[in-house]
Every structure is written in C-alpha cells, then in structure tokens.
Amino acid sequence: MDLSALWTQAVHVFSDRLRPGNPEFGLVVYLPIAYWLAAGFYELLDWMRLPFTEKYKLNRREPGRGNMITHQHVIFRVLLQQVIQTALTVAVMILDPDMCGRCADSTKNPIQRISRFILGMYVMDTWQYWIHRIMHTSTFLYKHLHSVHHSLMIPYASGALYNSILEGLLLDSLGGVVTHYVAGLDCDTATCLYIFANIKTVADHSNYRGPVNPLHGLFPNCAAYHDIHHDVRGIKMNFSQPFFTHWDWLLSTFLDPAGMHFTVEEQAKKQEGRLHKQAAQEPTGLPSPATGGKGAESKKAR
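Given below as structure tokens:
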C-alpha cells in the first residue's frame, strides 16, 4: 500500500468507520470507558470504606512494603497507555481495511461467535503468560520495563494497566492485535472480548473478592491469585493473566494463595473490634452519673 492509498484509507477510517454504530467505533471507544467505569466503582468502594464491602477486601497476613508512587501518577500513565492503544488500533485499521469484515460472515452463527470468543481468551492468556514470564526471568527487562508495574506492591483497581510504555505496547496493545488475528475475530466479538478482559483485569487488581467482585469465584485467576504475584513471596510465580491458570499449572509456576489473606470472618471481627473501640473513645456529650446531676444543680444554684 503506497502513501496515497494509506492517506485515502486513513481519511475513510476517520470520516466514516469511526462513527457510532460501526464496529470500529466500539473497538476504539468502548474499551477505555469500560476500564474507567469498573475502576471507578472499586475506587468509590475504597473511598467509602463501607463495613459490608471492607470485610471482602483482600488483606495479606504479611502486608510487606507499601506503594511508593502517587495515585495521580498511576492514573496519568494509564491514560497515556490507553491513548497509545487507541492509536495502534486505528493504525491497524488503516493498514488492514478489512480488519473488521474479514471474519464477520463466519461468526454470524452464535455458536461460532462464542467459540471464537473462548479461543480468543486462550490466545490472550498464552501471549500474556509468556511475555509476562519473560519480563520476570530477564533481569534487564524486569529492571527497565516490568518493575514499573511492580512498584504497586499493593495493587488497586485503577492501576491495573499501570505499566512502562513499552511493556504496555508489547503485553496489552500488541497482545490484542495477535489475539484478533490468531483467533479470527470480527470486531464486534473482539470488542466484547477486550471489554471483558479490561473489566477482569481491573477486578483482579481491585483486591476485592466475591460478592463485591463477582468474577472472583468464576475464574481460578482471581484477585487473590494475582495479589500474591505482587507480594515479594510470589513475584516469581502466578504469571498467568487475565483468565486462566493452566500455563502456571503446566510449567510449575502456580502458587496457591490460600491462607495468605485474612478470611472474611477475620476481617469482620477486626472491623467489629475497631468499631467498638471507636465507640468507646467517642464522647457521648451526656453528664456522667457520678457528677452530672450535682454539677447541673450547682449551676442552677449559682
């Protein structure tokens, strides 16, 4: 494709294909919206600290070191990565005019579409497992790329896509392109898969379990499983993301998170103890039985 053809295709993409209602529009616009809606939900829970939701929060028995970077920095870096992801998606649309139409006819049958969706989940898992593992086994790559993500020693929802720019390009952006073509996805199916993957990744970094995190019990690759990977004890384990754990099982990199977090019952008891302590420390504003009556009477007498 020469420069003139590329320019013509670029104009066509921006003027026509990226309009609401077209598959290309959904692939570009809906992904970041889904990410921030899911992240915003868990950020709100973190801010409100409701007794019901706090007992489902994952807290390690040995918490380790805390985060050293600001929330604002994390959000800015995630937004920057999403801009790069969007630019890459648009670039692929320009280079491949038939990106959304090539497999559209073969996935009109719901069963075929579901099968491609599931295949895409496994392709994405395979890509991310190996890239993620290489980032840990290579000292150079870990130091210069992946250590950025692990500066979040205690993960939280909005930091799910907090990475170095190059890692985000390799792991997430390029991983989406590979998944699209290897699994033979049409753009509608790809949009559904990537939205689901975004929400799942946010939920896995939120540090909430079910029922606050409904996906926690549906997949072995859950918030507890991934939180242990952010712990120094499990940093060389649990590389799989975002859906399954079969590669960790097959290659002996699976670390069971059972017992590493306080249980819901333990969290509830700790919370109840804190509430009782706060109640005991708060002044009632009423006179004590020993002195209240006499004090009131003496004031009246004066």
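If you're matching positions, the sequence shown starts at 50 in my numbering and goes up one per residue.
From the three backbone atoms N, C-alpha and C, an ideal C-beta is built for every residue, glycine too.
On a predicted model such as this, the values are computed, not experimentally measured, just so you know.
Here Ser301 is exposed, its C-beta having fewer than 16 other C-beta atoms within 10 Å. Taking a C-beta distance under 8 Å as the contact criterion, Leu94 and Val313 do not qualify as a contact pair.
About 6 Å separates the CB atoms of Tyr105 and Tyr257; that is less than 8 Å, so the two are in contact. Taking all protein chains shown into account, Ile163 has fewer than 16 neighbouring C-beta atoms within 10 Å of its C-beta and is therefore exposed. Arg126 sits in a helix when the DSSP states are folded into three classes. Remark: C-beta atoms of Asn287 and His295 do not approach each other more closely than 8 Å.
Judged by DSSP secondary structure, Gly169 falls within the alpha helix (DSSP H) whose first and last residues are 159-186. Beta-carbon to beta-carbon, Gln177 and Pro291 are separated by about 7 Å, close enough to satisfy the 8 Å threshold. Judged by DSSP in its simplified three-state form, Tyr257 adopts strand.
If you draw a straight line from the Cα of Gly113 to the Cα of His195, it comes to about 19 Å. His229: member of the alpha helix (DSSP H) spanning 223-231, first to last residue. Across the structure, Ala246 and His122 are spaced so that their CA atoms are roughly 23 Å apart. DSSP lists Arg109 as the beta-bridge partner residues of His310. Shown here, Pro204 sits in coil according to DSSP, grouped into three states, outside any helix or strand. The C-alpha of Cys152 lies about 10 Å from the C-alpha of Ala232. Judged by beta-carbon spacing, Leu242 lies within the 8 Å limit of Gly169, meaning their Cβ atoms are closer than that value. Inter-residue distance for Gly224 and Ile180 is about 9 Å (C-alpha atoms, whole angstroms).
Residue environment for Glu73: buried (at least 16 other C-beta atoms within 10 angstroms of its C-beta).
In the three-state reduction of the DSSP assignment, Pro269 falls in the coil class, being assigned neither a helical nor a strand state.
Collapsing the DSSP output to three states places Val281 in coil.
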